[in-house]
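Heads up: the protein sequence lines correspond to chains B and U, in order.
Those letters in the first sequence? Residues 78 to 452, per our numbering, in order.
Those letters in the second sequence? Residues 78 to 452, per our numbering, in order.
Backbone N, C-alpha and C fix where the C-beta goes; we use that ideal spot for every residue, glycine too.
Please read all numbers here as calculations on a predicted model, not as lab measurements.
This report concerns only the one structure given below.
Protein chains: 2
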Amino acid sequence: MKRILYGLLFIVCSQCNTWAVEAVFTTEDLVINSKKLDETRNLVVYLPAGYSKSDAHYPVLYVTDGDIQGPHTAGTLDYLAKFDQAPQMIVVGIVTPRETRERDLTLTSADKQDPEQLANADLFLAFVEQEVIPEVKARYRTLDYQGLAGTSHGGQFAINALVKRPGLFNGVVAVSPSLYWNKSQLLTLTETALKQGSLQGRLYISIAQEEPTMTEPFANFVALTKYYPNQQLAVISQTFSNETHNTTALLGQYYGVKYLFDGWAIPETPQTLADLQAIFATRSSLLKTALIIPEDRAAGYGQWLQYLNRQDDALTMLQWNRETYPQSLNAHLLLIKAYLHFDMEDKAHQALSEAMKSIKGLSTEQKAQLESLFL
Amino acid sequence: MKRILYGLLFIVCSQCNTWAVEAVFTTEDLVINSKKLDETRNLVVYLPAGYSKSDAHYPVLYVTDGDIQGPHTAGTLDYLAKFDQAPQMIVVGIVTPRETRERDLTLTSADKQDPEQLANADLFLAFVEQEVIPEVKARYRTLDYQGLAGTSHGGQFAINALVKRPGLFNGVVAVSPSLYWNKSQLLTLTETALKQGSLQGRLYISIAQEEPTMTEPFANFVALTKYYPNQQLAVISQTFSNETHNTTALLGQYYGVKYLFDGWAIPETPQTLADLQAIFATRSSLLKTALIIPEDRAAGYGQWLQYLNRQDDALTMLQWNRETYPQSLNAHLLLIKAYLHFDMEDKAHQALSEAMKSIKGLSTEQKAQLESLFL
């Protein structure tokens, strides 16, 4: 029972800000007059809950078939972020309508490799890199992290992007990619790249219950990534036996995004400062930006450790919290309370004078609140 | 390869209308000044893609913790509908903020069963039935089908609703319901209801990797539904070993909604008229409204059967299509083409004069199009 209560407590805690009015993601249409493609293209941008009321920057996930695959991807990310399993992300749905879908997403034929004469997926990748990404970066508050997800021909496009522009995307999700295309040309390209050790980032690839035309090149692709292991590339594959080619994208996207942010989630057990710091180091590394443990997180775990009478762990956490957030009345209050809880009167008094000294513009009420701890 | 091409063909076909501009679901805030609860309550309504441009009526799914669980549920339903695994639905997210969440969703204590003095989940259920549902029905184009989904305390609320107001919801999804509440009071209430045979509809219930406090009453609940099988109630249960209490809702909702509409999807194989009619009979029964095979579906399968040279099946389908949609030039054209394909010249000529007779206001161009089939 205790752990359930904790679980509920922490749900409440991590979601405090999501109970506000703007708790739902919003969408915006974006039109790009592409010079690369010499046509007008539509994007649907899914802005995470709270975007307009925040000044935060967000990682971006680009998704092909953006109007079909975008809504569930944005919903999945919203859910994962609310339960702190992944960061909030801007999802950019690149609309690939049926008229141009095959041309946009499938591989350039072998005789069109002249970089000046890009065609098909290579040309569309240049459009994404040189027109879509700069426009998104100019218009929205983005971090440098960017991922790419695609299904079927979109999966083929995503793996082609991994091979042709390694490092452009930090994470790639390829759901049931049509790797049979052009006599499995992408397998050859991938093998060359794997031999050169040029690939990087995280790759999630999945397949459903499908025809051998689909499953055989998939199996060969996975085998290649195992045969030529690559320090800079982490790969995981998954098979959905109860889904078909047409139904598999939601589960693929769910597990795919979870894999891109593997190591992000905080285990549902008491965490010490060192534990949390390790997790936030992983998060920082995944997002390529420095993330610091938020005050409410440190406070919550500090109180939990105190409740468990793990004195050293609790004090280390709450001391760190006060040092890191010296202007926070709450950080000072919690540390003083902890000293008193562990019968450390002297330390508590020192912490009181530290609070009086540190917090700028302390009000009479706040002073009284601090002093009342000793009554 | 053939089946993949068919698969892609049918994706395209079933999604023709989703490539339009309004391909994404939209949200509306709704405020109810509740007399039942004597307070103001917030709802978030997720309208399916294309809602504003259509005059169709939609089934409704009510979801507790509407701002937390709503976005991914709406995304999941959007995806399932686009791949024709479930109907498009209006999702009504009932916001249950933390201040009132426990009071709203957990069981009325045993001494508060006086119907005049409802409390807790029973009172909140009366609010949903007597204030939320009528408001939603007045404001949006709804069908009579309504489902209820909830997670944790929301799952407790959903099962309590199934027991206390059987038939109010046609389908119930309870993800990791907190059945331990009030010394497992809900198990006793469920057993009584099962003995009386009063429960009805479809129930999906799931659990994750959780504490015995959660898993034991869950197992007991599932055992009860098996011990007292009920003609009118269909139950399925699922365990997510790789999810926790806090992370399980997305998968639970996905499989839950799929179960509520089990029998909805059309298998990815050639379908005869009888097959399709059986599926549409199931759909009609699930939604409690008469649904007819759409013209483009009958046309698509008719052409597929013709391609496979299954003469009788193809002609039966295309004849039905012409009889059902006598004003459709395309329905007539396809039947004439099929007769010609199967070398049935006389039938083709009869079908031509039938077309000339049936279609009101046939243009000169359309006439020419029909006649050109015989050139």
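In this structure, how does DSSP classify residue i when only helix, strand and coil are distinguished?
{"i": "Gly278 (chain B)", "result": "strand"}
{"i": "Arg218 (chain B)", "result": "coil"}
{"i": "Phe234 (chain B)", "result": "helix"}
{"i": "Asp352 (chain U)", "result": "helix"}
{"i": "Ser283 (chain U)", "result": "strand"}
{"i": "Val292 (chain U)", "result": "Per the sequence presented here, residue 292 (chain U) reads as Thr, with Val not at that position. Three-state result, Thr292 (chain U): helix."}
{"i": "Leu301 (chain B)", "result": "helix"}
{"i": "Tyr402 (chain U)", "result": "coil"}
{"i": "Pro211 (chain B)", "result": "helix"}
{"i": "Gln308 (chain U)", "result": "coil"}
{"i": "Lys437 (chain B)", "result": "coil"}
{"i": "Ala445 (chain B)", "result": "helix"}
{"i": "Leu362 (chain B)", "result": "The residue you asked about is not Leu; residue 362 (chain B) is Ser in the sequence shown. Ser362 (chain B): helix per DSSP, three-state reduction."}
{"i": "Val98 (chain U)", "result": "The predicted position of Val98 (chain U) is uncertain, since its pLDDT is 37 and thus under 50; a value taken from the coordinates is nonetheless stated next. Three-state DSSP puts Val98 (chain U) in coil, outside helix and strand."}
{"i": "Asn386 (chain U)", "result": "coil"}
{"i": "Ser318 (chain B)", "result": "coil"}
{"i": "Arg242 (chain B)", "result": "coil"}
{"i": "Asp129 (chain B)", "result": "The identity of residue 129 (chain B) in the sequence shown is Ser, whereas the question assumes Asp. Note: Ser129 (chain B) maps to helix in three-state DSSP."}
{"i": "Leu411 (chain U)", "result": "helix"}
{"i": "Thr393 (chain U)", "result": "helix"}
Could you give the first and the last residue of the continuous alpha helix (DSSP H) run that contains residue i?
{"i": "Ser111 (chain U)", "result": "First-last for Ser111 (chain U): Thr103 to Ser111, but that is the beta strand (DSSP E), not the alpha helix (DSSP H)."}
{"i": "Ile145 (chain B)", "result": "Gly143 to Lys159"}
{"i": "Ala198 (chain U)", "result": "Asn197 to Phe204"}
{"i": "Met421 (chain B)", "result": "Neither: Met421 (chain B) is in no alpha helix (DSSP H) and is coded neither H nor E."}
{"i": "Arg175 (chain U)", "result": "Where Arg175 (chain U) is concerned, there is no enclosing alpha helix (DSSP H), given that its DSSP letter is neither H nor E."}
{"i": "Thr346 (chain B)", "result": "Looking at the DSSP string, Thr346 (chain B) is not in any alpha helix (DSSP H), and its letter there is neither H nor E."}
{"i": "Asn323 (chain U)", "result": "Asn323 (chain U) -> no alpha helix (DSSP H), and no H or E assigned at all."}
{"i": "Asn259 (chain B)", "result": "Trp258 to Gln273"}
With burial defined as no fewer than 16 other Cβ atoms inside 10 Å of the residue's Cβ, what is the status of residue i: buried or exposed?
{"i": "Asp142 (chain U)", "result": "buried"}
{"i": "Thr267 (chain U)", "result": "buried"}
{"i": "Ser186 (chain U)", "result": "exposed"}
{"i": "Gly147 (chain B)", "result": "buried"}
{"i": "Gly438 (chain B)", "result": "exposed"}
{"i": "Pro289 (chain U)", "result": "exposed"}
{"i": "Leu452 (chain U)", "result": "exposed"}
{"i": "Thr302 (chain B)", "result": "buried"}
{"i": "Gly340 (chain B)", "result": "exposed"}
{"i": "Gln383 (chain U)", "result": "buried"}
{"i": "Thr269 (chain U)", "result": "exposed"}
{"i": "Val98 (chain B)", "result": "Note on Val98 (chain B): pLDDT 37, under 50, position unreliable in the model; no value is reported."}
{"i": "Tyr304 (chain B)", "result": "exposed"}
{"i": "Arg216 (chain B)", "result": "exposed"}
{"i": "Ile306 (chain B)", "result": "The sequence as given places Pro at residue 306 (chain B); Ile does not occur at that position. The residue is exposed, with fewer than 16 neighbouring Cβ atoms inside 10 Å."}
{"i": "Arg178 (chain U)", "result": "buried"}
{"i": "Ser229 (chain U)", "result": "buried"}
{"i": "Ile236 (chain B)", "result": "buried"}
{"i": "Ser457 (chain B)", "result": "Here chain B has residues from 78 to 452 only, and residue 457 (chain B) is not among them."}
{"i": "Ala326 (chain U)", "result": "buried"}
{"i": "Asn197 (chain U)", "result": "buried"}
Terminal residues of the continuous beta strand (DSSP E) containing residue i?
{"i": "Glu116 (chain U)", "result": "Glu116 to Leu124"}
{"i": "Ala251 (chain B)", "result": "Gly248 to Val252"}
{"i": "Val169 (chain U)", "result": "Ile167 to Ile171"}
Opposite residue i in the DSSP bridges: which residues?
{"i": "Ile369 (chain U)", "result": "Answer is none; Ile369 (chain U) lacks a bridge partner."}
{"i": "Ile313 (chain U)", "result": "U:Tyr281"}
{"i": "Leu337 (chain U)", "result": "DSSP lists no partner for Leu337 (chain U)."}
{"i": "Leu226 (chain B)", "result": "Here the sequence assigns Ala to residue 226 (chain B), which means Leu is not the residue at that position. Paired residues: B:Val140 and B:Val250."}
{"i": "Tyr135 (chain B)", "result": "B:Thr219"}
Check whether the Cβ of residue i lies closer than 7 angstroms to any heavy atom of the ligand ADP, and answer yes or no.
{"i": "Asp181 (chain B)", "result": "The ligand ADP is not part of this structure, which contains no ligands at all."}
*asked:* Across the segment 215-224 of chain B and the segment 236-244 of chain B, are there enough close Cβ pairs to call them in contact, namely three or more that are closer than 8 angstroms?
replied: no
_the segment 129-139 of chain B in contact with the segment 152-166 of chain B per 3-pair CB rule at 8 angstroms_ = yes
_For the segment 190-210 of chain B against the segment 340-354 of chain B, do three or more pairs of beta-carbon atoms, one drawn from each stretch, fall closer than 8 angstroms, so that the two count as touching?_
no
*Validate contact between the segment 169-179 of chain B and the segment 112-124 of chain B using beta carbons, cut 8 angstroms, 3 pairs*: yes
*contact_flag[the segment 175-182 of chain U, the segment 362-369 of chain U] where n(CB pairs < 8 angstroms) is 3 or more*: Too few Cβ pairs lie closer than 8 angstroms, so no.
*Could you say if the segment 411-418 of chain U and the segment 388-399 of chain U meet the contact criterion of at least three C-beta pairs nearer than 8 angstroms?*
Yes, the segment 411-418 of chain U touches the segment 388-399 of chain U.
*asked:* Whether or not the segment 308-320 of chain B and the segment 200-207 of chain B are in contact is what I'm after, with contact meaning three or more pairs of Cβ atoms, one per stretch, closer than 8 angstroms; do they touch?
replied: no
_Could you check whether the segment 108-118 of chain U touches the segment 110-118 of chain B, counting it as contact only if at least three pairs of C-beta atoms, one from each stretch, sit closer than 8 angstroms?_
no
*Is the number of C-beta pairs between the segment 249-258 of chain B and the segment 270-284 of chain B that are closer than 8 angstroms three or more?*
yes
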